[in-house]
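Offset between the sequence shown (1-based) and the numbering used here: plus 5. Here a beta-carbon is modelled for each residue, glycine too, at the ideal position from N, C-alpha and C. The structure displayed is predicted, hence computed values, not measured ones. Scroll down for the structure; my scribbles are underneath it.
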Amino acid sequence: MQAAKSSDYDSITTVSPGHQEGLDGHMIKDPLGALAAEKLVSDALSSNSENITRRFSLETGMSPTAAYKILKEIQTQEGNVTEVKWLGIRYVGDRVIEEVATEHTKGKSISVRLAQITRQPDGSNKVDFGSYVRKTSHPWEDIVDGNVEKCVVRVMISKSAYHNGVFRDDTIWSAYNISSPDIDTNLHVYAEIGSEEESRLRDILATDRSSQRVTLEIRRDETLLPKQFQVSQVIARDWIQDDISMDSAGR
Numbered sequence: 006m007q008a009a010k011s012s013d014y015d016s017i018t019t020v021s022p023g024h025q026e027g028l029d030g031h032m033i034k035d036p037l038g039a040l041a042a043e044k045l046v047s048d049a050l051s052s053n054s055e056n057i058t059r060r061f062s063l064e065t066g067m068s069p070t071a072a073y074k075i076l077k078e079i080q081t082q083e084g085n086v087t088e089v090k091w092l093g094i095r096y097v098g099d100r101v102i103e104e105v106a107t108e109h110t111k112g113k114s115i116s117v118r119l120a121q122i123t124r125q126p127d128g129s130n131k132v133d134f135g136s137y138v139r140k141t142s143h144p145w146e147d148i149v150d151g152n153v154e155k156c157v158v159r160v161m162i163s164k165s166a167y168h169n170g171v172f173r174d175d176t177i178w179s180a181y182n183i184s185s186p187d188i189d190t191n192l193h194v195y196a197e198i199g200s201e202e203e204s205r206l207r208d209i210l211a212t213d214r215s216s217q218r219v220t221l222e223i224r225r226d227e228t229l230l231p232k233q234f235q236v237s238q239v240i241a242r243d244w245i246q247d248d249i250s251m252d253s254a255g256r
C-alpha cells in the first residue's frame, strides 16, 4: 500500500477559506468554513459505534458497528491523526462539498486521507464515510489479482496510451490508468469510444488536472491480460456515492 501524500490533496482546493463562491460562480449558502469543518472532521474521527452516524454519512447497508471497526483498522494501520487541514469548497454538479485533509502518523510514516463534507436532506453536515475510507466492493488484493469479475472502486483516473490484448485497437477503445493509495500499482481500464462510459470519462477529464477522482464499476474476464479491466459504469464524479445520479452530479 502506498501512502497518500499531503500534496495529493493540496491541489483540490477550489475556494480559499472564507470565500463563498464556487468555480462556476454559484454562491454557496452558509458554508461551514475552515474552523467548523475541521472540528466536524475531528469529532467524526472520535466517534464510537453508538454515535458514529451523527457525523458520518454511511452507505446503505453499512452498520455503525462495521463502520467503527473500519475506522479503528485505519488507525491501527496508519496511526493517529496528527493534523486536520481545511482545503476548501468544491462544486460537483449541484452538490457542494467542503473538503478537509487528515494527516496520520505512525513512526516515520505519514499518510493523508480526504474528508468530504456534504449537506444532508435534514440540513445537517456529515462526512461521507465511503469516500473517507476509500471503500471498494471487494478487497484490493482480490481485484488486482484478477479474482473478481465485477467490482466498484474509488480511484484516481487519468488518460493512458497503453493499448494491448483485446483493447489493442485505439480507434475502438479509450485507455486509462487508475490508481489508489491503497495499492502499489496502476491498473489499466478501457471504455469503448462512443459509449456512455467513455463520454462521461471524457467529460470528467476535460480539466487542467491530469487526473481526477472517480467512482467506477469495472469488470474483467479470462480474455483480458493481467491488470486490465473494462469500465462497465461511471457511478460518480468524485468519491461520494449516494442517491444523486451521475447525470445530476457531474454532467
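(request) Measure from the alpha carbon of residue 166 to the alpha carbon of each residue in 159, 158, 179, then state which is nearest. (result) 179
(request) Please look up how many angstroms separate the CB atoms of residue 238 and residue 221, rounded, as I've assumed it's under 8 angstroms. (result) 7 angstroms
(message) Considering just the uninterrupted stretch of the alpha helix (DSSP H) at residue 167, what are its terminal residues?
(response) Counting along the chain, residue 167 falls outside any alpha helix (DSSP H), and DSSP gives it neither H nor E.
(message) Among the candidates 172, 89, 223, 240, whose CA atom is the shortest distance from the CA of residue 118?
(response) 89
(message) Please state the DSSP three-state secondary structure of residue 40.
(response) helix
(message) Helix, strand or coil for residue 226? Go by DSSP, reduced to three states.
(response) coil
(request) Taking residue 134 as the reference, give the member of 209, 229, 202, 70 with the closest Cα. (result) 70
(message) Mapping the DSSP letters down to three states, classify residue 93 as helix, strand or coil.
(response) strand
(message) Within 10 Å of its beta-carbon, does residue 214 have 16 or more other beta-carbons around it, so buried, or fewer, so exposed?
(response) exposed
(request) Kindly identify the DSSP beta-bridge partner or partners of residue 103. (result) 94, 122
(request) For the alpha helix (DSSP H) holding residue 145, just list the boundary residues, first then last. (result) 145-149
(request) Let me know if residue 211 comes out buried or exposed under the rule of 16 or more other beta-carbons within 10 Å of its beta-carbon. (result) exposed
(request) Can you grab the Cα-Cα spacing for the pair residue 107 / residue 40, in whole Å? (result) 14 angstroms
(request) Report back the beta-carbon spacing between residue 164 and residue 192 to the nearest angstrom; my notes put them in contact at under 8 angstroms. (result) In fact, because the Cβ distance is near 14 angstroms, the residues do not count as touching under 8 angstroms.
(message) Which of the three DSSP states is assigned to residue 59 in this structure?
(response) helix
(request) Give me the Cβ distance between residue 137 and residue 120, rounded to the nearest whole Å; I'm assuming they're in contact under 8 angstroms. (result) 5 angstroms
(message) Taking the alpha-carbon of residue 100 as reference, which of 79, 122, 66, 217 has the nearest alpha-carbon?
(response) 122
(message) Assuming residue 241 is part of the beta strand (DSSP E), what are its boundary residues?
(response) 233-242
(message) Need the endpoints of the alpha helix (DSSP H) that residue 203 sits in, please.
(response) 201-209
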